[in-house]
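S.K.: These protein sequence lines are chains A and B, in that order.
Read in order, the letters of the first sequence are residues 333 to 651 in our numbering.
Read in order, the letters of the second sequence are residues 333 to 651 in our numbering.
Cβ coordinates follow ideal geometry from the N, Cα and C atoms, glycine included.
There are 2 protein chains.
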Amino acid sequence: MCSLPVPREPLRRVAVTGGTHGNEMSGVYLARHWLRAPGELQRPSFSAVPVLANPEATAACRRYVGRDLNRSFTSTFLTARATPDDPYEVTRARELNQLLGPKASGRAFDFVLDLHNTTANMGTCLIAEAPHNVFAMHLCRHLQLQSPELPCRVFLYQMPGEESFTVDSVAKNGMALELGPQPQGVLRADLFSRMRSLVAAALDFIELFNQGTAFDAFEMEAYRTVSRVDFPRTQDGDLAGTVHPQLQDRDFEPLQPGAPIFQLFSGEDVFFEGESTVYPVFINEAAYYEKGIAFIQSEKLMFSVPALPALPPAPTPGP
Amino acid sequence: MCSLPVPREPLRRVAVTGGTHGNEMSGVYLARHWLRAPGELQRPSFSAVPVLANPEATAACRRYVGRDLNRSFTSTFLTARATPDDPYEVTRARELNQLLGPKASGRAFDFVLDLHNTTANMGTCLIAEAPHNVFAMHLCRHLQLQSPELPCRVFLYQMPGEESFTVDSVAKNGMALELGPQPQGVLRADLFSRMRSLVAAALDFIELFNQGTAFDAFEMEAYRTVSRVDFPRTQDGDLAGTVHPQLQDRDFEPLQPGAPIFQLFSGEDVFFEGESTVYPVFINEAAYYEKGIAFIQSEKLMFSVPALPALPPAPTPGP
């Protein structure tokens, strides 16, 4: 498996973005809190910058006001000429690309950690682009070891050949935290505390790396998108049923061929017709109804993550 | 306790309203389903009319587009002269008042059952205006007896002296079903089925009454609003904390003086300073953030509900 080059210099430009979706309240209120009290994001070798990513959607307590910000960081949106008709989030994506990028440039931030909630029962989920990002995989491993009693799954969202489109993709490196279940517009204290601890641990990991710590190779288990499954629908496109009670809340559990996946309003069940076991995630996520996604089918994979070598010692000042 | 007069004629004009709040999906999809297949709402003596109460908010998957429809059925809104600047829901309230009312008139529908979801852990909750509504109290009792193994609480929402303002207040009689927890914008199969069963049982009760069944007096336990409690806030009005983990999800459980109610972002706890036990409900309901309500304090009360007499036999046709 080909790997992204690992950083050869300390990560000094780090950002934590919350409110990318304006109704995912853990990140919204963490970002707001840190903007008032940024000390919590300071480490000896760097200070992470808190960013409220989508202020207008946050003010409206909606996922977005014009279009999904976290699908707007593609070269098409970032490089097209601005027009007065651009959706708010396209304009905001360009601003964030100036602040934290430009994407794929040497001037981009070293790392962006983006904070999300889901209505699905996904617990603590770490979302990275792909397994070849060795630095992000080591960070995931570090976070998993912080609370070994809690499941903390790694989800690789990118489908083969897909261009990256998320907020954290503007930086040289990044990932997202996805905590659930939490309804849109609700701030649960338990998830708020959990996300706060995870961010602290992520910054601690970057600090360890910056200070010259090496990290051993390990075997990683992760889930990777295979395909997306829509709800059953009537001829005019309306819902004809919803997620079956036997699938609801069972994110990351194996789904066997023949198991019920939907319950129709007519009372009938719809069964999974796949030929092998899959692992559904984002089951019945509120924001995905409009995207035509009842759940995402993922596969579980194991792969080797190579060692993350220590940074070379900082050069001593010349004569 | 003074009582509303009980019906002396069969209830023939009955409506079931869903989507009063456009992101409370159980009622939205039940109303849509029944509009396509109304047979489920038919009984020998009447056919209940399904109504999608707030079509624009439902299309947008938002609670409302202009103002909360379920707070718009006051005489001020219903009788003021229409203007082009009226919020959509004020116009819609007037339409519904024409369709199902007019409120407080002899031409109004006999009964409106309004369907709601909450993000709070309230299970099955039956919401009535006040204990003096003997017919509604008997209906609540009937619903409680359908599934005695499930808690099914009665909540009396009206504060003393408050004018009624809800959709079901346009009819001669009515009540609301409030099922949770369900995130806004999510349709859970378990709550959908539960609400469908409750509506069927409510219509069965009306049918029994119409057919001349009498119902004995009984003792009712219910919860009644005492006051509303806001979140802790910063000087500029932003949240300074959220519902304490020890209170979250504990709707209808006793809250003792001195128990923690909020966890501040600073890490400190806020304790309940009341002088006696209360029963919090609507704890951390998403829609109530903007209303400045973190939870509602209720009191538990027991009261006697008098018998509901059988209808007099239908007059035999004259010579």
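To the nearest angstrom, how far is the alpha carbon of D446 (chain A) from that of A533 (chain A)?
M.R.: Your numbering for residue 446 (chain A) matches position 114 in the first sequence. Your numbering for residue 533 (chain A) matches position 201 in the first sequence. Cα-Cα distance, rounded: 14 angstroms.
S.K.: Which residues in chain A have a C-beta closer than 7 angstroms to the C-beta of Y420 (chain B)? List them in chain order.
M.R.: Within the second sequence, the letter at position 88 stands for residue 420 (chain B). The premise fails here: Y420 (chain B) is roughly 17 angstroms from chain A at the closest Cβ pair, so nothing lies under 7 angstroms.
S.K.: Cα-Cα, which of A:A460, A:T574, A:G493 and A:F441 is closest to V486 (chain A)?
M.R.: In the first sequence, residue 486 (chain A) corresponds to position 154, counting from 1. Per the Cα distances, A:A460.
S.K.: For V338 (chain B) versus P641 (chain B), is the C-beta spacing smaller than 8 angstroms?
M.R.: Position 6 of the second sequence holds residue 338 (chain B). Position 309 of the second sequence holds residue 641 (chain B). Result yes, Cβ atoms of V338 (chain B) and P641 (chain B) sit closer than 8 angstroms.
S.K.: Can you name, in chain order, every residue of its own chain whose Cβ lies under 7 angstroms from the Cβ of A646 (chain A), other than the five neighbours on each side?
M.R.: Counting from 1 along the first sequence, the entry for residue 646 (chain A) is found at position 314. Within the same chain, A646 (chain A) has no close Cβ partners at all.
S.K.: Do three or more CB pairs link the segment 357-372 of chain A to the segment 426-436 of chain A at distances below 8 angstroms?
M.R.: Touching, no.
S.K.: Throw me the rounded Cβ distance for the M469 (chain B) and V637 (chain B) pair, which I believe falls under 8 angstroms.
M.R.: Indexing the second sequence from 1 puts residue 469 (chain B) at position 137. Indexing the second sequence from 1 puts residue 637 (chain B) at position 305. Confirmed, about 4 angstroms.
S.K.: How about L422 (chain B) and L432 (chain B): are their beta carbons less than 8 angstroms apart?
M.R.: Taking the second sequence and counting its residues from 1, the one referred to as residue 422 (chain B) is at position 90. Taking the second sequence and counting its residues from 1, the one referred to as residue 432 (chain B) is at position 100. As written in the sequence, residue 422 (chain B) is Val, which differs from the Leu given in the question. Contact flag unset, no.
S.K.: Quick check: G590 (chain A) and F603 (chain A), are their CB atoms within less than 8 angstroms of each other?
M.R.: Taking the first sequence and counting its residues from 1, one reaches residue 590 (chain A) at position 258. Taking the first sequence and counting its residues from 1, one reaches residue 603 (chain A) at position 271. Yes, they are a contact pair.
S.K.: Distance check for Q595 (chain A) and D562 (chain A), CA to CA, integer angstroms please.
M.R.: If you number the first sequence from 1, residue 562 (chain A) lands on position 230. If you number the first sequence from 1, residue 595 (chain A) lands on position 263. So the alpha carbons of these two residues sit roughly 13 angstroms apart.
S.K.: Applying the 10 Å Cβ sphere with the 16-neighbour rule, what's the burial state of M333 (chain A)?
M.R.: Start at 1 with the first residue of the first sequence, and residue 333 (chain A) comes out as number 1. Since pLDDT at M333 (chain A) reaches only 47, below the 50 mark, its modelled position is unreliable, and the value read off the structure follows with that caveat. Exposed, since its Cβ has fewer than 16 Cβ neighbours within 10 Å.
S.K.: From the beta carbon of L477 (chain B), is the nearest beta carbon of chain A less than 8 angstroms away?
M.R.: The residue given as residue 477 (chain B) occupies position 145 in the second sequence. No, because no Cβ of chain A sits closer than 8 angstroms to the Cβ of L477 (chain B).
S.K.: Relative to the alpha-carbon of H353 (chain B), which residue among B:G371, B:P342 and B:T390 has its alpha-carbon at the smallest distance?
M.R.: Numbered from 1 along the second sequence, position 21 holds the residue referred to as residue 353 (chain B). If we check each option's Cα against that of H353 (chain B), B:T390 comes out closest.
S.K.: What residues in the segment 427-451 of chain A bring their beta carbon closer than 9 angstroms to a beta carbon of chain B?
M.R.: Flagged, chain order: T451.
S.K.: Determine whether the beta carbon atoms of P342 (chain A) and L540 (chain A) lie at a separation below 8 angstroms.
M.R.: As a working note, residue 342 (chain A) is residue 10 in the first sequence. As a working note, residue 540 (chain A) is residue 208 in the first sequence. Not closer than 8 angstroms, so no.
S.K.: Can you tell me whether P586 (chain A) is buried or exposed? The criterion is at least 16 other CB atoms within 10 Å of its CB, across all chains shown.
M.R.: Within the first sequence, numbered from 1, the residue matching residue 586 (chain A) stands at position 254. Burial call: exposed.
S.K.: Once DSSP output is grouped into helix, strand and coil, what is the label at I625 (chain B)?
M.R.: Numbered from 1 along the second sequence, position 293 holds the residue referred to as residue 625 (chain B). Three-state DSSP puts I625 (chain B) in coil, outside helix and strand.
S.K.: Using CA atoms only, rank isn't needed, just tell me which of B:H474, B:P492 and B:D442 is closest to A380 (chain B).
M.R.: By one-based count along the second sequence, residue 380 (chain B) stands at place 48. For the residues B:H474, B:P492 and B:D442, the minimum Cα distance to A380 (chain B) belongs to B:D442.
S.K.: Using the beta-carbon count (16 or more within 10 Å), is Q580 (chain B) buried or exposed?
M.R.: Within the second sequence, the letter at position 248 stands for residue 580 (chain B). It counts as buried.
S.K.: Report the CB separation of T406 (chain A) from F497 (chain A) in whole angstroms; it is logged as a contact under 8 angstroms.
M.R.: Reading the first sequence from its first residue, position 74 is the one you call residue 406 (chain A). Reading the first sequence from its first residue, position 165 is the one you call residue 497 (chain A). Correct: roughly 5 angstroms between the Cβ atoms.
S.K.: Since L633 (chain A) contacts V466 (chain A) with CB under 8 angstroms, what's their CB separation in whole angstroms?
M.R.: In the first sequence, residue 633 (chain A) corresponds to position 301, counting from 1. In the first sequence, residue 466 (chain A) corresponds to position 134, counting from 1. 16 angstroms between Cβ atoms; not a contact.
S.K.: Compare the C-beta of Y489 (chain B) against all C-beta atoms of chain A and say whether one is closer than 8 angstroms.
M.R.: Within the second sequence, numbered from 1, the residue matching residue 489 (chain B) stands at position 157. By this cut-off, Y489 (chain B) is not an interface position.
S.K.: With 8 angstroms as the threshold, decide whether the Cβ of N453 (chain B) is near any Cβ in chain A.
M.R.: Counting from one through the second sequence, the residue named residue 453 (chain B) turns up at place 121. Output row for N453 (chain B): interface = no.
S.K.: For H474 (chain A) and chain B, any beta-carbon pair shorter than 8 angstroms?
M.R.: Here residue 474 (chain A) refers to the residue found at position 142 when the first sequence is read from its first residue. For H474 (chain A), the answer is no, since every Cβ of chain B falls outside 8 angstroms of its Cβ.
S.K.: With burial defined as no fewer than 16 other Cβ atoms inside 10 Å of the residue's Cβ, what is the status of V346 (chain B): buried or exposed?
M.R.: One-based indexing of the second sequence puts residue 346 (chain B) at position 14. So V346 (chain B) counts as buried.
S.K.: Hey, does L587 (chain A) have any beta-carbon neighbour from chain B nearer than 8 angstroms?
M.R.: Residue 587 (chain A) sits at position 255 when you count from the first residue of the first sequence. Output row for L587 (chain A): interface = no.
S.K.: Of the choices A:P513, A:Y396 and A:P376, whose alpha-carbon is the least far from that of Y420 (chain A)?
M.R.: Within the first sequence, residue 420 (chain A) is the residue found at index 88, counting from 1. Answer by Cα proximity: A:Y396.
S.K.: Count the CB pairs spanning the segment 372-386 of chain A and the segment 472-484 of chain A that are closer than 8 angstroms, and state whether there are at least three.
M.R.: In short, these stretches do not touch, since the Cβ pair count stays below three.
S.K.: Which residue marks the beginning of the alpha helix (DSSP H) containing V466 (chain A), and which one marks its end?
M.R.: Reading the first sequence from its first residue, position 134 is the one you call residue 466 (chain A). Counting along the chain, the alpha helix (DSSP H) containing V466 (chain A) begins and ends at V466 to Q478.
S.K.: If Q514 (chain A) sits next to L523 (chain A), beta carbons under 8 angstroms apart, how far is it from one beta carbon to the other, in whole angstroms?
M.R.: Taking the first sequence and counting its residues from 1, the one referred to as residue 514 (chain A) is at position 182. Taking the first sequence and counting its residues from 1, the one referred to as residue 523 (chain A) is at position 191. With a Cβ gap of about 5 angstroms, Q514 (chain A) and L523 (chain A) count as contacting.
S.K.: In the DSSP output, which residue or residues are listed as bridge partners for E605 (chain A)?
M.R.: Here residue 605 (chain A) is taken as the residue at index 273 of the first sequence, counted from 1. Its beta-bridge partners do not exist; DSSP assigns none.
S.K.: I want to verify the contact list: residues of chain A whose CB lies under 9 angstroms from the CB of L511 (chain B), in sequence order.
M.R.: What you label residue 511 (chain B) is simply residue 179 of the second sequence in a count that begins at 1. None at all; the shortest Cβ gap to chain A is about 14 angstroms.
S.K.: How should T574 (chain B) be labelled, buried or exposed, when 16 other C-beta atoms within 10 angstroms of its C-beta is the threshold for buried?
M.R.: Numbered from its first residue, the second sequence carries residue 574 (chain B) at position 242. With 16 or more other Cβ atoms within 10 Å, it is buried.
S.K.: Do P483 (chain B) and G455 (chain B) have their C-beta atoms within less than 8 angstroms of each other?
M.R.: One-based indexing of the second sequence puts residue 483 (chain B) at position 151. One-based indexing of the second sequence puts residue 455 (chain B) at position 123. Yes. Within cutoff.
S.K.: Do you know how far the Cα of A452 (chain B) is from the Cα of E494 (chain B)?
M.R.: Translated into positions along the second sequence, residue 494 (chain B) becomes position 162. Translated into positions along the second sequence, residue 452 (chain B) becomes position 120. Taking the straight line joining both Cα atoms gives about 24 angstroms.
S.K.: What is the residue span of the alpha helix (DSSP H) that F541 (chain B) lies within?
M.R.: Locating residue 541 (chain B) in the second sequence gives position 209, counting from the first residue. From DSSP, the alpha helix (DSSP H) with F541 (chain B) extends over A521 to N542.
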